[in-house]
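Participant: This is the structure I have questions about; it appears just below.
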Amino acid sequence: MRINDDLILLLLKDGNKNAYEHLFQKYYHTLRSQACMLLKDSMEAEDQVQDLFIEIMDKKLADKINSNLGAYLKTCLYHKCLVVLNKKKRRQYQIEQYKLGCDDLVYNDQLEHRESERSVYQLLRNLSVQRLNVCKLVYLEKKKYKDAAVEMGITINSVKTHLRLANKALREELVGSKSYVMNVLYA
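Each residue of the sequence shown is one higher than the one before, counting from 4 in my numbering.
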């Protein structure tokens with residue numbers, strides 16, 4: 004049985020439970036379609052329409068309706084959908100800002116790493132050829148002191164001495180320098 008909006012509204016104001024059923028049957032599909040068009044998400048649209056009907060029932064919104072029932076429902080739903088869209092937009096903006104911040108951090112780390120590598124290479128160039136070769140064999144190629152000594156044609160004690168003097172020279176150069184460079188050299 005179809006009843007008109009004025010009668011539904013009157014029954015709602017009187018607290019008639021059947022009026023809510025009539026209201027739901029009459030407007031659910033229209034309101035859901037409107038919400039789907041606005042939100043482009045059928046599940047979210049259904050949630051918003053359901054919330055609207057619950058608010059009408061729980062908050063006794065029927066007492067506040069003085070004009071066209073259909074127009075009132077559509078306007079309420081429109082505003083609910085706008086709130087959802089604004090929240091999504093704000094959330095998307097926050098995600099984009101977070102991504103930009105992460106990109107900046109990665110870029111800054113890469114830039115700092117490149118600058119540190121340049122500093123390390125510059126410091127290594129200041130070492131004598133023997134000390135540089137010993138550092139390369141022991142630290143970069145992970146050779147034992149004995150193997151480095153054999154390859155360079157020097158004694159193990161000479162390897163140790165070259166390493167000690169190279170480390171001392173590098174530490175002196177790095178005083179006041181960024182700790183990142185120290186980590187690169189002595190990791």
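Note that CB positions come from ideal geometry on N, CA and C, so glycine has one too.
When the Cα atoms are used, what is the spatial distance from Ile-68 to Leu-26?
Facilitator: For the purposes of this step, residue 68 is taken as residue 65 along the sequence shown, with counting starting at 1. For the purposes of this step, residue 26 is taken as residue 23 along the sequence shown, with counting starting at 1. The alpha-carbon atoms of Ile-68 and Leu-26 are separated by roughly 13 Å.
Participant: Do Leu-12 and Leu-72 have their C-beta atoms closer together than 7 Å?
Facilitator: Taking the first residue of the sequence shown as 1, we reach residue 12 at position 9. Taking the first residue of the sequence shown as 1, we reach residue 72 at position 69. Yes, the Cβ-Cβ distance between Leu-12 and Leu-72 is below 7 Å.
Participant: Run through DSSP, which three-state label would Ile-68 get?
Facilitator: Along the sequence shown, read from residue 1 onward, the residue named residue 68 stands at position 65. Of the three classes helix, strand and coil, the one that applies to Ile-68 here is coil, per DSSP.
Participant: Report yes if the C-beta distance between Lys-92 and Gln-51 is below 7 Å; otherwise report no.
Facilitator: Start at 1 with the first residue of the sequence shown, and residue 92 comes out as number 89. Start at 1 with the first residue of the sequence shown, and residue 51 comes out as number 48. Contact: no.
Participant: Taking a contact to mean a Cβ-Cβ separation below 7 Å, would you say Leu-80 touches Leu-55 in this structure?
Facilitator: Residue numbering aside, residue 80 sits at position 77 when the sequence shown is read from its first letter. Residue numbering aside, residue 55 sits at position 52 when the sequence shown is read from its first letter. Yes.
Participant: Considering only residues of the same chain and omitting the five flanking positions on each side of Tyr-31, which have a CB-CB separation below 8 Å?
Facilitator: Translated into positions along the sequence shown, residue 31 becomes position 28. Hits under 8 Å: Val-52, Phe-56.
Participant: Can you check which of these residues, His-165, Lys-20, Lys-90, Leu-34, is closest to Val-137 by C-alpha distance?
Facilitator: What you label residue 137 is simply residue 134 of the sequence shown in a count that begins at 1. Nearest option by C-alpha distance: His-165.
Participant: I need the straight-line Cα distance from Val-162 to Cys-105, nearest angstrom please.
Facilitator: Numbered from 1 along the sequence shown, position 159 holds the residue referred to as residue 162. Numbered from 1 along the sequence shown, position 102 holds the residue referred to as residue 105. Cα to Cα, Val-162 sits roughly 44 Å from Cys-105.
Participant: Return the CA-CA distance between Leu-135 and Leu-103, expressed in angstroms with no decimal places.
Facilitator: Your numbering for residue 135 matches position 132 in the sequence shown. Your numbering for residue 103 matches position 100 in the sequence shown. Computed Cα separation, rounded: 41 Å.
Participant: My understanding is that Ala-169 touches Leu-130, with C-beta atoms under 8 Å, so please give their C-beta distance in whole angstroms.
Facilitator: As a first step, residue 169 is located in the sequence shown; it is residue number 166 there, counting from the start. As a first step, residue 130 is located in the sequence shown; it is residue number 127 there, counting from the start. With 8 Å as the limit, Ala-169 and Leu-130 qualify as a contact, their Cβ atoms being about 6 Å apart.
Participant: Among Tyr-75, Asn-89, Leu-42, which one has its Cα closest to the Cα of Asp-8?
Facilitator: As a working mapping, residue 8 is identified with position 5 in the sequence shown. The shortest Cα separation from Asp-8 among Tyr-75, Asn-89, Leu-42 belongs to Tyr-75.
Participant: Going by beta carbon distance, what residues of the same chain come within less than 7 Å of Ala-22, once the five residues before and after it are set aside?
Facilitator: As a first step, residue 22 is located in the sequence shown; it is residue number 19 there, counting from the start. Here the set comprises Ile-11, Leu-14, Leu-15.
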